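2 protein chains.
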Amino acid sequence: TDKPFGVNLITMHPQLTDLIEVCGRHGIGHVVLAGGIPPKGSVEAIKGFGAKVLVFAPTLALAKKLLRSGGDALVIEGMEAGGHIGPVSTSVLAQEMLPELHEDYLVFVAGGIGRGEAIAGYLEMGAVGVQLGTRFACATESIAHPDFKKAFFRASAREAVASVQVDPRLPVIPVRALKNKGTEHFTAKQREVAGLLDSESLEMAEAQLQIEHYWAGALRRAVIDGDVENGSLMAGQSVGMVKAEEPVADIIAELMSESEAALARR
Amino acid sequence: TDKPFGVNLITMHPQLTDLIEVCGRHGIGHVVLAGGIPPKGSVEAIKGFGAKVLVFAPTLALAKKLLRSGGDALVIEGMEAGGHIGPVSTSVLAQEMLPELHEDYLVFVAGGIGRGEAIAGYLEMGAVGVQLGTRFACATESIAHPDFKKAFFRASAREAVASVQVDPRLPVIPVRALKNKGTEHFTAKQREVAGLLDSESLEMAEAQLQIEHYWAGALRRAVIDGDVENGSLMAGQSVGMVKAEEPVADIIAELMSESEAALARR
């Protein structure tokens, strides 16, 4: 594309500094730092080449700290979202954060948004914008495998479930994805590894590594290879509102017209 | 009280018919049928003595069926709520249900509501009202134990967690409550019982019964006896917005003024 675009970087990436440098070389205008608290120096490095930095924060106190120390805007993302999630829902985060922040800072709301009425609602609570992922995952322009898209069209909200941690010794970062064979296997795997720990046939470090690596490459297997049984079909709860393959322009037009109608009714 | 009031009945109660009859004898004006699909005849029995019936429904199809077959109003309750919950968040249910239902039916929204801005938002999406529990649990008028109230004032949204099912053979109906020792013990208990099943030292029926009965009486232990370590501190994610003991009238006045301010800004 020759249009401006942003880049989403995962804060825990071991080469985060290098990735930021690449963004700088290509004159990226916006960088989103997702997945955790930005490590020291990362916000400054991005602002150093003139880009805007968007940060995530799970609590009000941390949000204020990040915004005061250079973040240009905040994204609050509820547990309805697809992929890696926190424990609190979008509407609760919005109630806790927007009244406190919206007068002084730019706040975007994300998680579970599939219709324009919800966009209008968050804008009126003080958000400057919203972030939607699931709604666009199956757009005509998306390179996702046809079987991945079919799974989305068929799924309802209740099938987009957060992964469950079975044993306190084996940490699992919750990921929301469509239920499939992989979900069941993952639970069974955790019970199996916990059993091996109980019988002392496995070291703790190796056990935790087996759980941590279980889903490695699984998103790619689902999205690109179309393995909808064993791959990770990351999806937000708005997946029930995704019913057919549509061009991005049509999706945006529909969201805008729903928002406008909602605002006009008031 | 000599004011009108409603009664909330659990649909799976074995004596539901008798309870409905008691409501009839006392001229109750509104009955809420919660916790599942109303059994045959229950809606008719309530309407028989002139009361209005409010029903819960987890999906759009079921909501339409219940409203067409006599339900006077629908409550959609998201997984942010305290106590027994479904899997889908309030804002997602609102997007799926309100646009389809609000022109023909009366719909109330519940789950995770702690501020007037959210009330205004759902009303503008087409709800006729909202249902709040957590926000009122620690009111001055509430008979909850002082230690229960203190636990609420201290808690943040992320501490109100849904109970987790560890083993596919041992069903757990998710309940949202504040994390405490009881939460940890319950997970350990499930693993212990699953282990006994594996080693065939326990019958399946007895195993499931042990899990089902684990929390029996636990809400009363928390709310009335003040056992905040082992009781069930049922709380919605709005618990982080409950900060002090206030009279019900003050809570309602605050919610109304936040709603009005939100609507006036538009």
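Chains C and B supply the protein sequences, listed in that same order.
With my numbering as the guide, the letters of the first sequence map in order to residues 63 to 328.
With my numbering as the guide, the letters of the second sequence map in order to residues 63 to 328.
Glycine included, each C-beta is placed from N, C-alpha and C at the ideal position.
Predicted model only: the values in this text are computed from it and were never measured.
Helix, strand or coil at residue i [DSSP, three-state]
| i | result |
| --- | --- |
| PHE214 of chain B | helix |
| ALA278 of chain C | coil |
| GLU162 of chain B | helix |
| ILE26 of chain B | The structure shown does not extend to residue 26 of chain B, since chain B is modelled only from 63 to 328, so the question has no answer here. |
| ILE99 of chain B | coil |
| MET187 of chain C | coil |
| LYS65 of chain C | coil |
| ALA119 of chain C | coil |
| ILE314 of chain B | helix |
| ARG197 of chain C | helix |
| LEU75 of chain C | In the sequence as displayed, the identity of residue 75 of chain C is His instead of Leu. Coil. |
| VAL301 of chain C | helix |
| PHE170 of chain B | strand |
Partner residues on chain B for residue i, Cβ-Cβ distance less than 9 Å
| i | result |
| --- | --- |
| PRO161 of chain C | ARG177, GLU179 and GLU320 |
| ARG220 of chain C | PRO120, THR121, GLY148, PRO149 and VAL150 |
| MET74 of chain C | Near MET74 of chain C there are no residues of chain B at all, since even the closest Cβ is about 20 Å away, more than 9 Å. |
Of the residues the options, the one placed nearest residue i, counting alpha carbons only
| i | options | result |
| --- | --- | --- |
| VAL237 of chain C | C:PHE248, C:PHE118 and C:LEU155 | C:PHE248 |
| GLU186 of chain C | C:THR196, C:ALA199, C:VAL169 and C:GLY174 | C:VAL169 |
| GLY112 of chain C | C:ALA119, C:ILE90 and C:THR196 | C:ILE90 |
| GLY331 of chain C | C:ARG327, C:ALA326, C:ARG328 and C:SER321 | For residue 331 of chain C there is no data in the structure shown, the boundaries of chain C being 63 and 328. |
| ALA306 of chain C | C:ARG220, C:LEU264 and C:ARG216 | C:ARG216 |
| HIS75 of chain C | C:ALA323, C:ALA96, C:ALA315 and C:PHE214 | C:ALA96 |
| CYS85 of chain B | B:LYS127, B:PHE67 and B:GLY288 | B:PHE67 |
| VAL226 of chain B | B:THR245, B:ASP209 and B:PHE210 | B:THR245 |
| GLY133 of chain B | B:LEU71, B:GLU106 and B:ALA156 | B:GLU106 |
| LEU81 of chain B | B:LYS102, B:ILE108 and B:GLY98 | B:ILE108 |
| VAL255 of chain B | B:ASN242, B:LYS243 and B:ILE273 | B:ILE273 |
| ALA219 of chain B | B:ILE175, B:ASP209 and B:ALA326 | B:ILE175 |
| ARG327 of chain B | C:GLY188, C:VAL285 and C:ALA315 | C:GLY188 |
| GLU83 of chain B | B:LEU317, B:GLY110 and B:LYS65 | B:GLY110 |
| ILE205 of chain C | C:PRO120, C:GLU308 and C:ALA278 | C:GLU308 |
| LEU160 of chain B | C:SER131, C:ASP209, C:ARG282 and C:ARG177 | C:ARG177 |
| THR73 of chain C | C:LYS126, C:HIS146, C:ASP64 and C:LEU122 | C:HIS146 |
| LYS126 of chain C | C:SER151, C:LYS102, C:LYS114 and C:ASP166 | C:ASP166 |
| ASP312 of chain C | C:PHE210, C:GLU203, C:LYS251 and C:VAL285 | C:GLU203 |
| ILE314 of chain C | C:VAL69, C:ILE181, C:ALA250 and C:ALA224 | C:ILE181 |
Contacts that residue i makes with chain C (C-beta to C-beta distance below 8 Å)
| i | result |
| --- | --- |
| THR152 of chain B | SER151 and SER153 |
| VAL237 of chain B | Those do not exist, as VAL237 of chain B stays about 15 Å from chain C at its closest Cβ, beyond 8 Å. |
Supposed contact pair residue j and residue i - C-beta distance, whole angstroms, cut 8 Å
| i | j | result |
| --- | --- | --- |
| ARG253 of chain C | VAL228 of chain C | 6 Å |
| GLY144 of chain C | GLY298 of chain C | 4 Å |
| HIS92 of chain B | LEU116 of chain B | 7 Å |
| LEU78 of chain B | SER104 of chain B | 6 Å |
| GLU162 of chain C | SER153 of chain B | 19 Å between Cβ atoms; not a contact. |
| VAL310 of chain B | PHE198 of chain B | 6 Å |
| GLY334 of chain C | HIS207 of chain C | The structure shown does not extend to residue 334 of chain C, since chain C is modelled only from 63 to 328, so the question has no answer here. |
| ALA213 of chain B | LEU295 of chain B | 6 Å |
Span separating the alpha-carbon of residue i from that of residue j
| i | j | result |
| --- | --- | --- |
| LEU129 of chain C | LEU136 of chain C | 7 Å |
| GLU139 of chain C | ALA201 of chain C | 22 Å |
| ARG231 of chain B | GLN270 of chain B | 8 Å |
| GLU179 of chain C | HIS275 of chain B | 42 Å |
| LEU240 of chain C | PRO149 of chain B | 13 Å |
| GLU221 of chain C | ALA280 of chain C | 18 Å |
| VAL304 of chain B | LEU194 of chain B | 12 Å |
| TYR184 of chain C | HIS164 of chain B | 20 Å |
| SER263 of chain C | GLY293 of chain B | 36 Å |
| THR196 of chain B | GLU265 of chain C | 43 Å |
| LEU155 of chain B | PRO120 of chain C | 23 Å |
| LEU317 of chain C | GLU268 of chain C | 47 Å |
| ARG282 of chain B | PHE118 of chain C | 39 Å |
| LEU122 of chain C | SER261 of chain C | 43 Å |
| PRO101 of chain C | ASP64 of chain C | 31 Å |
| LEU258 of chain C | TRP277 of chain C | 20 Å |
| GLN157 of chain C | VAL285 of chain C | 34 Å |
| VAL223 of chain B | ASN242 of chain B | 10 Å |
| LEU325 of chain C | SER300 of chain C | 21 Å |
| SER319 of chain B | SER131 of chain B | 37 Å |
Under 9 Å from the C-beta of residue i: neighbouring residues of chain C
| i | result |
| --- | --- |
| VAL84 of chain B | Correct list: empty, because the minimum Cβ distance to chain C is about 34 Å. |
| MET303 of chain B | VAL154, GLN157 and GLU158 |
| ARG87 of chain B | Near ARG87 of chain B there are no residues of chain C at all, since even the closest Cβ is about 39 Å away, more than 9 Å. |
Amino acids of chain B, ordered along the chain, whose beta-carbon sits closer than 7 Å to that of residue i
| i | result |
| --- | --- |
| GLY174 of chain C | SER151, SER153 and VAL154 |
| ARG328 of chain C | GLU186 and ARG328 |
| VAL192 of chain C | The premise fails here: VAL192 of chain C is roughly 12 Å from chain B at the closest Cβ pair, so nothing lies under 7 Å. |
Interface partners of residue i on chain C, CB under 7 Å
| i | result |
| --- | --- |
| ALA269 of chain B | Going along chain C, no residue has its Cβ under 7 Å from ALA269 of chain B, so there is no contact; the nearest lies around 15 Å. |
Neighbour list for residue i in chain B, Cβ cutoff strictly below 8 Å
| i | result |
| --- | --- |
| SER300 of chain C | VAL154 and GLN157 |
| GLU15 of chain C | Only positions 63 to 328 of chain C appear in this structure, which leaves residue 15 of chain C out of reach. |
| ALA324 of chain C | GLU186 and MET187 |
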